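Residue numbers (the working numbering), protein chains in the order written: chain A, 1484 to 1834; chain B, 92 to 350. One structure is given below, encoded as structure tokens.
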């Protein structure tokens, strides 16, 4: 409940800050932006709103927050939002169910999605991963956390059927592990840090360790993208500039991150916040274009990541056929930013 | 003539069912008035049914999900009946006992079963016991209230007559109180059984590995309307079968009400 109130308050604060707190001289184009509070990749929305960068490009963002990717994706059906950020699993689900497009990558969260073990069991599992066989793992089914955990099991030569998987939300996983009712959990940051700091748990394997790329996605409703391509490109430029600034001004960025996380009901140490920056690479305009580039007759790096995620979801029974990555991932809007000198310069500014 | 009157409700039911099925097909398949993202077509629902029956969904096949849910519902229902009915009868029979138990009951009664989930995990872990506890909380209340009301609704002249005849306490309970309260007890048990099914999804939020509630939860995470419809239909059919079974027990328990 506190998280909900905090999320509403932060969304209202973001909306106010986005307009610079004063009446703009020129009319602004409204754009509905969705995200999940207190997550690393959502920080640029907060920073950009605080700095008034949306208004600089003539946008007036209306923020809506969701506790998880699934309700966020479901809300797109009623056009509750136009653009946003989400995990790669919900982005793939959204592509299949509601024709959502992935137009960029928020960050590489391969390290931030992990299998975490309680303090008393972690060392034993690390020394002998085979001992995980027969154990119960609590995780949020069909999420990036689930994907990372199953990749870790595969790395150790274990199958899904070798363990008992119990599905629950992230808050329930923290509760179950803290109360001694589960020793292994699939979590994502900053929940991994919460478990480490509050219960002494240890991250024993991440998606990165298991060779599974777990990206975060920038998404848009296909119909909105068709109607307002310029607004979509401006949205991307604002997001990219925020990362440029965050990476160039880390002490100030940490202070803003602390405030942003606290608004979402998450309190982690400064060391963990620095770890977020250190372990989760982000992509500037050139980086986005590079990973989304499709060489003649081939797929992009991002296509490869999402193809594997689609296969994972198909194996889970989410849909009978995995979607073709090139059908819902497009670099068209990143190219629009690149082609417009004003937007390109804006996206690459670090001040 | 009388037979045609008896058959009419069955025919009405069949007509209703056929009309609904036709409207479903027309709106989702023929005219596409309702998109598949909002409500699945009969063909999509059939595909989802085939998937869960043959290859499985949410880590098990339909039969395993049904059996697991039936097991949880039966355990929760039995626990609710074993505790709720005797407690309700005792409260109905004794003002002193009612005064002793009622304050605690009045405090527990308005708490929604979902609110017990965090405590259920802490007390009983992630196994079936926690799920049964959640179901029990939902089913216990109607079993108790109706049993209590059943005793209080016994005609005063019957109570007076048994007192006048010097009927012993045990015989009074066996021959007057329980048979007199039985119709209300069964009403309570029907409501309890219904509560068990409605709380099943909440119960299976606690780290379930199988069950129809687990299917509904997973299908909601997958935004899979066809599987949600299959899960709902499975709950409806299984629930109806169990209600019919309870009706059969009711008729056997109260032979004097037949006809």
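Positions of the beta carbon are idealized from the N, C-alpha and C atoms, including for glycine. Here the structure is a predicted model, which is why all the values come from computation and not from measurement.
Does the CB of residue 1646/A have a neighbour CB from chain B at under 7 Å? Residue 1646/A is outside the set of residues whose beta carbon lies under 7 Å from a beta carbon in chain B.
If contact means a Cβ-Cβ distance below 9 Å, which residues of the region 279–302 of chain B contact chain A? 296, 297, 298, 299 and 300
Going by the CB atoms, is the gap between residue 282/B and residue 233/B shorter than 7 Å? Going by C-beta atoms, residue 233/B is nearer than 7 Å to residue 282/B.
Do we get a CB-CB distance below 7 Å when we pair residue 213/B with the residues of chain E? Looking at the structure shown, chain E is missing, and the protein chains on hand are A and B.
Using 8 Å as the Cβ pair cut-off and three pairs as the minimum, do the region 1704–1720 of chain A and the region 1633–1648 of chain A touch? no
Assuming residue 310/B contacts residue 297/B under a Cβ cut-off of 8 Å, what Cβ separation, rounded to an integer in Å, is found between them? Actually they do not touch by this definition, with Cβ atoms about 18 Å apart.
Going by DSSP, name the residue or residues bridged to residue 1591/A. 1698/A
With residue 1759/A as the anchor, note down where its alpha helix (DSSP H) starts and where it stops. 1753–1762
Put residue 1802/A into one of helix, strand or coil per three-state DSSP. The answer is coil: DSSP assigns residue 1802/A none of H, G, I, E or B.
Could you check how far apart the C-beta atoms of residue 166/B and residue 223/B are, in whole angstroms? I think they sit under 8 Å. 5 Å
Alpha helix (DSSP H) segments (min. 4 residues) lying fully within the region 148–213 of chain B: Whole alpha helix (DSSP H) segments, 4+ residues: 153–184 and 186–199.
I'd like the span of the beta strand (DSSP E) that includes residue 248/B, first residue to last. No beta strand (DSSP E) holds residue 248/B; the alpha helix (DSSP H) holding it covers 247–255.
Who are the near neighbours of residue 192/B in its chain, counting only those whose CB is closer than 7 Å to its CB and skipping five residues on each side? 178 and 182
Of the choices 1744/A, 1544/A, 1510/A and 1520/A, whose alpha-carbon is the least far from that of residue 1715/A? Nearest to residue 1715/A by C-alpha distance, out of 1744/A, 1544/A, 1510/A and 1520/A, is 1544/A.
Residue 1673/A in three-state terms, based on DSSP: coil
On a CA-only basis, which of 1680/A, 1811/A and 1633/A is nearest residue 1578/A? Give me that one, please. 1811/A
Can you give me, in chain order, the residues of the region 1546–1562 of chain A that have a beta carbon less than 7 Å from any beta carbon in chain B? 1553, 1556, 1557 and 1560
Which same chain residues end up closer than 7 Å to residue 1504/A when comparing Cβ atoms and leaving out the 5 residues on each side of it in sequence? Because residue 1504/A carries a pLDDT of 46, less than 50, the predicted location of this residue cannot be relied on, and the following value inherits that uncertainty. Within the same chain, residue 1504/A has no close Cβ partners at all.
Straight-line Cα distance separating residue 1763/A from residue 1832/A: 21 Å
Any residues in the region 300–326 of chain B with a beta carbon nearer than 8 Å to a beta carbon of chain A? Which ones, in chain order? 300, 305, 308, 309, 311, 312, 313, 314 and 315
Of the residues 254/B, 114/B, 293/B and 250/B, the one placed nearest residue 208/B, counting alpha carbons only: 293/B
Can you pull out the residues from the region 1562–1593 of chain A whose beta carbon lies closer than 8 Å to at least one beta carbon of chain B? 1576, 1580 and 1581
With 7 Å as the threshold, decide whether the Cβ of residue 218/B is near any Cβ in chain A. no
Buried versus exposed, by CB contacts within 10 Å (16 or more), residue 252/B: exposed
Just checking: is the beta-carbon of residue 248/B within a distance shorter than 7 Å of some beta-carbon in chain A? no
When you compare only the Cα positions, how much space is there between residue 341/B and residue 301/B? 31 Å
4-residue-minimum alpha helix (DSSP H) runs that sit fully inside the region 293–319 of chain B, ordered along the chain: 303–312
Distance, Cα to Cα, residue 1733/A vs residue 1759/A? 11 Å
Are the region 260–273 of chain B and the region 1605–1619 of chain A in contact at 8 Å, needing three or more beta carbon pairs? no
Report the neighbours of residue 1780/A on chain B: residues whose CB is nearer than 8 Å to its CB, in chain order. The contacting residues do not exist; residue 1780/A stays about 33 Å from chain B at best.
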